[in-house]
Amino acid sequence: MSLKFGLAVMNDFPPDVVPADRIAALREQVRAARDAGISSVWVLQHYLGNMPTLQPVPLLAALARDAGEMALGTNMFILPLRHPVEVAEEFATLDHITGGRAVAGFGMGYRENEFASFGVALEDRIQRYEEGVGLIRSLWSGEPTTFEGKHFRVEDQRIGLEPVQQGGPPIWVGAGPHRTGAHRAARLGDAWIVPPHVTPERLEAVLGHYRAERERLGRGASELVVRRELVLDEDAERARAIGIRARGALTRRYAAFNPPEQGGNYRHLETDKAAEEVADASYLFTDPAGAVAALKELERRGLTYVILRMQWYDLGQEQVLRTLETFRNEVLPAFR
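Here the sequence shown is numbered in UniProt numbering, starting from 1 and rising by one per residue.
As structure tokens, this is what we get:
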């Protein structure tokens with residue numbers, strides 16, 4: 001297979017859902033993705049949100065047996081809110097539980113209520129992130145570590161649990177789709193996960209910044225990763241309607257934090273029209289032939305890995321399994 005695929009499962013739920021009731025469904029999705037030949041499974045992180053959210057590291061540990069040989073990653077773990085020593089040991093534990101298949105997707109975070117509640121200044125997040133990645137990598141080396149930063153300090157300490165993977169799990173960076181984010185990802189990460197709303201044309205531009213910076217730093221090639229939202233149906237218009245409704249419901253819940261009128265992260269989705277324009281430009285709410293064409297276009301632009309999310313808010317299990325089956329039978333064969 002040329003282009004590789006991951007599945008981002010839904011681990012944040014509508015307010016009236018008891019997540020314990022959904023564990024069996026998540027396991028079923030992971031097994032279906034495994035049997036379809038999808039390479040990895042991903043879960044997100046938020047704290048103190050308006051949707052009950054299963055925290056990512058224990059959830060991935062619980063899904064490891066269902067995942068078989070799939071990699072298991074966080075998309076994204078909010079690194080600046082946590083101490084790097086704790087994070088290094090936690091992901092080393094996940095690496096042992098998964099048999100060396102953990103991927104540490106580290107994001108910056110953006111929700112003001114999370115930072116305020118953790119007692120971390122939002123303006124410190126970049127420095128805490130960069131120090132955190134450096135300290136975690138040093139600990140994962142297994143060598144004695146001395147680190148002196150503005151936010152974190154360790155003197156001649158060695159990690160208690162070395163990861164299974166030499167040097168630790170790959171670090172896939174979450175950063176904004178702009179030159180600064182691309183350069184940060186190129187410098188700090190083993191790959192960069194680009195957000196799902198970025199259009200193919202914009203994607204090509206920002207990945208150009210990323211590749212050029214990696215070349216300048218002598219870091220070599222890496223996976224080129226983008227997230228995409230996916231609903232498949234033999235009727236493309238029906239797929240579009242299903243996807244826009246379910247993804248829009250999720251977006252409205254997310255936009256309660258750092259809303260557009262306050263300069264927040266959802267300016268591009270602040271109206272229904274804007275949300276539909278994003279969906280039509282970047283998401284894969286379509287029929288199998290449309291999905292193949294869109295994914296082939298991403299591949300042509302140099303992408304090597306696409307992480308697909310197939311469920312949002314109250315979209316049902318039956319639809320997710322239909323999309324997975326259709327993807328396996330009518331889309332994946334075009335990439336083998």
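We treat Cβ as the ideally placed atom computed from N, Cα and C, and that holds for glycine.
None of the values given here were measured: they were computed from a predicted structure.
Within the model, the alpha-carbon separation for Arg-247 versus Glu-201 is close to 22 Å. The alpha-carbon of Ser-282 is positioned some 11 Å away from that of Leu-295. Taking the C-beta atoms as reference points, Arg-214 is found nearer than 8 Å to Gly-220. Burial state of Asp-287 is buried, judged by a 10 Å Cβ sphere holding 16 or more other Cβ atoms.
Collapsing the DSSP output to three states places Lys-296 in a helix. In the DSSP assignment, Glu-201 falls within the unbroken alpha helix (DSSP H) covering 200 to 217. Per DSSP, the beta-bridge partners of Glu-148 are Arg-153.
Secondary structure note for Glu-223: its beta strand (DSSP E) is the uninterrupted segment 223 to 232.
If you ignore the 5 residues before and after Leu-321, its C-beta comes within less than 8 Å of the C-beta of Glu-28, Gln-29 and Ala-32, all in its own chain and listed in chain order. In this structure, Ala-291 places its C-beta atom within 8 Å of the C-beta atom of Leu-230.
DSSP places Thr-98 in the coil class of the three-state scheme, outside both helix and strand.
Here DSSP, grouped into helix, strand and coil, assigns Phe-257 to coil. When Cβ pairs closer than 8 Å are counted between the two stretches, the stretch 84 to 91 is seen not to touch the stretch 180 to 187, the count staying below three. Distance check between Gln-45 and each of Thr-93, Ala-36 and Arg-111 places Arg-111 closest, using alpha-carbon atoms only. Boundaries of the beta strand (DSSP E) around Trp-172: 171 to 174. Beta-bridge pairing by DSSP links Asp-12 to Thr-53.
Taking the Cα of Gly-243 as reference, the smallest distance to any Cα among Val-225, Pro-80, Ser-117 and Leu-308 is reached at Leu-308. Excluding the 5 residues flanking it on each side, Gly-189 has same chain C-beta neighbours closer than 7 Å at Ile-171, Trp-172 and Val-173, in chain order.
Three or more pairs of CB atoms, one per stretch, sit closer than 8 Å, so the stretch 3 to 14 contacts the stretch 53 to 72.
Here the alpha carbons of Glu-148 and Val-225 stand approximately 32 Å from one another. When C-alpha distances from Glu-131 are compared across Ala-289, Thr-146 and Leu-298, the shortest belongs to Thr-146.
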